[in-house]
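Residue numbers (my numbering): 13 to 568.
Heads up: the structure comes next, in structure tokens.
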């Protein structure tokens, strides 16, 4: 979700939120006292409070609210209060969905018919194509139709389509490309409902929190919409994200039905070897986490701690006292979307510099700490006026297992060495294949594709071409691509796509090479030591060309 607007597009309409200061302080103080004396009943809140001594309730009319950038104790206590407000946040449970919707047949039947009519007509077209021998010829057309159907069916299916667009083991390349264009956007919901939600969630009158707030949202997506506001106590500009009414109910019903469809696919669709039920459950858990805005705030805090140590990266602060399960208040970021090249250049900035910052940050996310932003589309990456790259929207995050981080680097070394047998064995470590799968039939497929690709130089190799070709191989064999790896491919493909808008000759692999070179030369991990030896020596002889390349790329 976009939580900023391009520089040069100021909001002109504001809602005034005046009220008497004494009344505001009285209301705020009473609420604060109730919260301070509340016994925190959730583990996550208790774990946060354990880091700081809990102070006694503040006397009336002397309200202390965390104002951002304060000391660590204030921050922890404010976060704990937010966690307490979100104590009743829902978690995904297939059993709970069965209990909830199994006794509501009318609602289930109505939505089932809506889904079946849309997807059934699509499936019928596929059967006709197969009977007429034109299923391959019509793949692009049918993929576009499926994208339209998912858009019409609403937010759950939009997110499902976006998830499928990262799964080369499930969808052929034509479908991957079409589904990647799904837009996470819906019409806005009434502002009165949004403002009521803020007051209900924060237990405070709107005019005691904000001195002014935009009368309409500045951005809207499938799960919520964003307003621009000024905090009353400080005047600081903030972005306020408010959850769409009824979205949890709608998503829960859809997942109840989609899971039933998954059982059907697992049983009758032989061409898909992946456990569809497991994929649905994993995806549903991620979506339910996105519905808890306190969790998103914690994601942002963790991301900032890990990666905002670089001066060129910006992660907005969270205002915990104005954050709950359905409301997220964060620092406003003025900036330009990364795909708006002309606007960026008017600020004297270069898109390629910003994209390179994004690539280096992404590689650190994926291969050092393993905690990464899983939705880096142009709306979530902004160029600030001072040349920083701002990351937004931390609802969807993922983690690379520690063993996989080293295995990925080793996989790249095996690719460079054209050691296709070792590449095939890497898929065990990467959890692509179960140990009982014979990799020998996969080796020729890897050789046939990569021998052609690797005849190009690093500076000529297009990452999307590599991903598409690898996807075709994965689709033919019993691979089960882990979610983290699919999201890695998507992340780097998006960044390369942004760069290609500015420079058709840009190659993300060439930009990534210095990172890999430096890791191999400086990381003492035994696995990477072995990978470096594999790269530099062949048949017991030093490969001088690779030595020169490594030292050149890291600037030694």
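All residues carry an ideal CB built from backbone N, CA and C; glycine is no exception.
Excluding the 5 residues flanking residue i on each side, which residues of the same chain have their C-beta closer than 7 Å to its C-beta?
{"i": "residue 506", "result": "388 and 389"}
{"i": "residue 284", "result": "182 and 277"}
{"i": "residue 205", "result": "257"}
{"i": "residue 364", "result": "511, 514, 515 and 518"}
{"i": "residue 318", "result": "381 and 383"}
Cutting at 6 Å between CB atoms, please list the residues of its own chain near residue i, excluding the five before and the five after it.
{"i": "residue 393", "result": "350"}
{"i": "residue 239", "result": "225, 226, 229 and 252"}
{"i": "residue 297", "result": "104"}
{"i": "residue 176", "result": "183 and 191"}
{"i": "residue 412", "result": "378, 382 and 496"}
{"i": "residue 167", "result": "234"}
{"i": "residue 77", "result": "Note on residue 77: pLDDT 46, under 50, position unreliable in the model; no value is reported."}
{"i": "residue 6", "result": "The question about residue 6 has no answer here: the residues shown for the chain are numbered 13 through 568."}
Does the beta-carbon of residue i have 16 or more other beta-carbons within 10 angstroms, so that it is buried, or is it exposed?
{"i": "residue 414", "result": "exposed"}
{"i": "residue 524", "result": "buried"}
{"i": "residue 518", "result": "buried"}
{"i": "residue 237", "result": "buried"}
{"i": "residue 486", "result": "buried"}
{"i": "residue 268", "result": "buried"}
{"i": "residue 221", "result": "buried"}
{"i": "residue 275", "result": "exposed"}
{"i": "residue 497", "result": "buried"}
{"i": "residue 144", "result": "exposed"}
{"i": "residue 356", "result": "buried"}
{"i": "residue 256", "result": "buried"}
{"i": "residue 89", "result": "buried"}
{"i": "residue 68", "result": "Only weak support exists for where residue 68 lies, its pLDDT of 38 falling under 50; the value from the coordinates is given anyway. Result: exposed."}
{"i": "residue 6", "result": "No statement about residue 6 is possible, as the shown extent of the chain runs from 13 to 568 and does not include it."}
{"i": "residue 261", "result": "exposed"}
{"i": "residue 132", "result": "exposed"}
{"i": "residue 86", "result": "buried"}
{"i": "residue 439", "result": "buried"}
List the residues that DSSP assigns as beta-bridge partners of residue i.
{"i": "residue 237", "result": "232 and 254"}
{"i": "residue 325", "result": "401"}
{"i": "residue 249", "result": "242"}
{"i": "residue 410", "result": "384"}
{"i": "residue 330", "result": "342"}
Would residue i and residue j be called neighbours here (beta carbons separated by less than 8 Å)?
{"i": "residue 158", "j": "residue 187", "result": "yes"}
{"i": "residue 161", "j": "residue 134", "result": "yes"}
{"i": "residue 367", "j": "residue 511", "result": "yes"}
{"i": "residue 348", "j": "residue 209", "result": "no"}
{"i": "residue 449", "j": "residue 490", "result": "yes"}
{"i": "residue 503", "j": "residue 384", "result": "yes"}
{"i": "residue 585", "j": "residue 128", "result": "Residue 585 is absent from the model: the chain starts at 13 and stops at 568."}
{"i": "residue 515", "j": "residue 185", "result": "no"}
{"i": "residue 344", "j": "residue 94", "result": "no"}
{"i": "residue 315", "j": "residue 306", "result": "no"}
{"i": "residue 537", "j": "residue 409", "result": "no"}
{"i": "residue 329", "j": "residue 396", "result": "no"}
{"i": "residue 341", "j": "residue 250", "result": "yes"}
{"i": "residue 520", "j": "residue 475", "result": "yes"}
{"i": "residue 451", "j": "residue 437", "result": "yes"}
{"i": "residue 527", "j": "residue 401", "result": "no"}
{"i": "residue 102", "j": "residue 303", "result": "yes"}
At which residues does the beta strand (DSSP E) containing residue i begin and terminate?
{"i": "residue 383", "result": "383-385"}
{"i": "residue 347", "result": "347-349"}
{"i": "residue 339", "result": "339-343"}
{"i": "residue 394", "result": "393-396"}
Between which two residues does the alpha helix (DSSP H) carrying residue i extend?
{"i": "residue 435", "result": "432-441"}
{"i": "residue 306", "result": "305-319"}
{"i": "residue 173", "result": "167-176"}
{"i": "residue 375", "result": "363-376"}
{"i": "residue 193", "result": "Looking at the DSSP string, residue 193 is not in any alpha helix (DSSP H), and its letter there is neither H nor E."}
{"i": "residue 526", "result": "520-534"}
{"i": "residue 208", "result": "203-214"}
{"i": "residue 335", "result": "First-last for residue 335: undefined, no H or E at that position."}
{"i": "residue 262", "result": "259-280"}
{"i": "residue 429", "result": "Segment: none, residue 429 is in no alpha helix (DSSP H) and carries neither H nor E."}
{"i": "residue 302", "result": "288-302"}
{"i": "residue 104", "result": "Residue 104 -> no alpha helix (DSSP H), and no H or E assigned at all."}
{"i": "residue 144", "result": "117-144"}
{"i": "residue 507", "result": "495-514"}
{"i": "residue 352", "result": "That residue, residue 352, is in no alpha helix (DSSP H); it is neither H nor E in DSSP."}
For residue i, which residues from the same chain have a beta carbon less than 8 Å from its beta carbon, with the 5 sequence-adjacent residues on both sides left out?
{"i": "residue 247", "result": "223"}
{"i": "residue 442", "result": "416, 419, 420, 423, 494 and 497"}
{"i": "residue 119", "result": "113 and 265"}
Using a Cβ-Cβ distance under 8 Å, would residue i count as near chain C?
{"i": "residue 489", "result": "As a matter of chain content, chain C is missing from the structure shown, which is built from one protein chain."}
Say yes only if the C-beta of residue i is nearer than 7 Å to one or more non-hydrogen atoms of the ligand COA, and no if none qualify.
{"i": "residue 502", "result": "As far as ligands go, the structure on display features none, and thus does not contain the ligand COA."}
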